[in-house]
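Working notes, structure below.
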Amino acid sequence: MSLLYRRELALASKWLKGEGSQQMTDRGTQGSGFIPIKGVIFDMDGTLTKPILNFAEMRRQLGIKPGSDILTHVNSLPLPDKTTALQIVESIEEEANRKMELQPGVLELLDFLASKSIKRGLLTRNSKSSAELFLAKLQESLAGSAAIYSSLTSVKIFSQVVTREFQPNKPDPAPVSHMALNWELPAENILVVGDDKADVISGHKAGTMTALLLNDASKASELTPGTPPCDIAISSLHQLLEHLQKPIIIKPSD
185 MSLLYRRELA LASKWLKGEG SQQMTDRGTQ GSGFIPIKGV IFDMDGTLTK
235 PILNFAEMRR QLGIKPGSDI LTHVNSLPLP DKTTALQIVE SIEEEANRKM
285 ELQPGVLELL DFLASKSIKR GLLTRNSKSS AELFLAKLQE SLAGSAAIYS
335 SLTSVKIFSQ VVTREFQPNK PDPAPVSHMA LNWELPAENI LVVGDDKADV
385 ISGHKAGTMT ALLLNDASKA SELTPGTPPC DIAISSLHQL LEHLQKPIII
435 KPSD
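Every position in the sequence shown, counted from 1, becomes a number in my numbering once 184 is added.
Structure, rendered in structure tokens:
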């Protein structure tokens, strides 16, 4: 399955570049089997922003083991304890928000997608207020480079923004399926991009293609038993843009 999706991502990349569009067909129909990417769902923390959130400290203060899912733990608590736990989470998030920085290449990537009329969505396990701060920083950065990113300045950057207030959230496939439904797109035409196994699991279960942005945490989580393989691994948003701009040569696995 993963190899098939990888091959489809390579073919879709040719379409994004404008190559072979006449041969584009749906899955299962006679023809070349090209499946275009029509929507991209991005994680926020560590994907579109630099990874600043101190999850280790968050887990320490919550009293849970390394690698434990923070929101799953918080949501499992009875109300008084849940309120206290959320205060811990939000306090650490607020500290990270004060240091929030955009990832290199984020505007170039989003502008490219806008130029190809590819739908763009934001799916984060962070709070609505953190997402709003990120969007404000993105707009501020864009305002200073409007002439360069002309495709992005003429449209809404994200047509959908889904935060942790939506339940169940990642790694459940529900938010990805919800966004696909709102876009009226088949899951196979969507790419989910994130830096955590929750992004890969959510997209995989929803039936989308997945891209994992590798950092110290995701390199470890990629090897976690039971985590489905991502369809493409990238080390930067620039690398993802390069993949989408030109055909990808993928060798079949042994």
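C-beta atoms are modelled at their ideal positions from N, C-alpha and C, and glycine is treated no differently.
- With fewer than 16 other Cβ atoms from the protein chains shown falling within 10 Å of its own Cβ, residue 400 counts as exposed.
- When DSSP states are grouped into helix, strand and coil, residue 351 belongs to the coil group.
- Between residue 221 and residue 353 a beta carbon distance of about 23 Å is seen, past the 8 Å cut, so the two are scored as non-contacting.
- Annotation: residue 227 to residue 325 spans about 19 Å, alpha carbon to alpha carbon.
- Taking a contact to require three or more Cβ pairs closer than 8 Å, the segment 361-370 and the segment 309-326 do not qualify as touching.
- For residue 304, the enclosing beta strand (DSSP E) stretches over residues 303-307.
- When the Cα atoms are used, residue 314 and residue 429 turn out to be separated by approximately 31 Å.
- One alpha carbon belongs to residue 277, the other to residue 380, and they sit about 17 Å apart.
- In the DSSP annotation of this structure, the continuous segment of the beta strand (DSSP E) that includes residue 397 starts and ends at 393-397.
- When DSSP reads this structure, residue 223 sits in a beta bridge with 303, 374.
- Distances from the CA of residue 280 to each of 415, 241, 347 were compared; the closest alpha carbon is that of 241.
- Contact between residue 291 and residue 336 holds: CB atoms are separated by about 7 Å, below the 8 Å threshold.
- Counting C-beta atoms within 10 angstroms of its own C-beta, residue 225 has 16 or more neighbours from the protein chains shown and is therefore classed as buried.
- Judged by pairs of C-beta atoms under 8 Å, the segment 328-343 touches the segment 291-302, as three or more such pairs exist.
- Looking at the DSSP output, residue 286 shares a beta bridge with 233.
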